[in-house]
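Mature numbering (1 follows the signal peptide of the UniProt record, and there is no 0) puts the sequence shown at residues -27 to -1, 1 to 104. C-beta atoms are modelled at their ideal positions from N, C-alpha and C, and glycine is treated no differently. Here's the structure we're looking at; comments come further down.
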Amino acid sequence: MKARRFPILGASVLTLCLLCACGRAPAEQTQGRMVRLSEIEIDPALLENYKAELREEIEASIRLEPGVLTLYAVSLKDSPTSIRILETYADVDAYKAHIESPHFKKYKTNTQQMVKSLKLVETDPVLLGAK
């Protein structure tokens, strides 16, 4: 019985040390974060042009804006014109700065005719993790 307790105790201590070393526990990392899901439908004839504009916008946002934490763009498996973007910002102010940035405004202007529909889904982060 004692032999089984040691690995559990050791794992618990190791976990606590790792959390302290990282500065914050995972639950604390979600506080203040703004996470949004964009559901976008693209004109099929303009999909490749849209992808090029999206790539430019995401690369600039990640490179230039410290408050933009993640921008993950994917398409639905059976519907390549159905784009979903998971957006994570440090806080609401970071999001506000993002939508006022020159590269985001350029993206919005250049893709206006490509986007058939856009739905912004507000979320509450439960747990955010990355490797």
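- Across the structure, Lys69 and Leu59 are spaced so that their CA atoms are roughly 16 Å apart.
- Nearest Cα to Glu95 within the set Arg9, Thr3, Ser48: Arg9.
- Close CB contacts of Glu30 within its chain, under the 6 Å cut and outside five residues either way in sequence, are with His76, Tyr80 (chain order).
- A check of alpha carbon separations from Asp16 across Thr84, Pro39, Lys104, Ser74 identifies Thr84 as the nearest.
- Per DSSP, reduced to three states, the secondary structure at Ala70 is helical.
- Per DSSP, reduced to three states, the secondary structure at Arg6 is coil, with no helix or strand assignment.
- In this structure, Val88 is the residue among Val99, Leu42, Val88 with its C-alpha nearest to the C-alpha of Asn22.
- Around the beta carbon of Ser90, a 10 Å sphere encloses fewer than 16 other beta carbons of the protein chains shown; the residue is thus reported as exposed.
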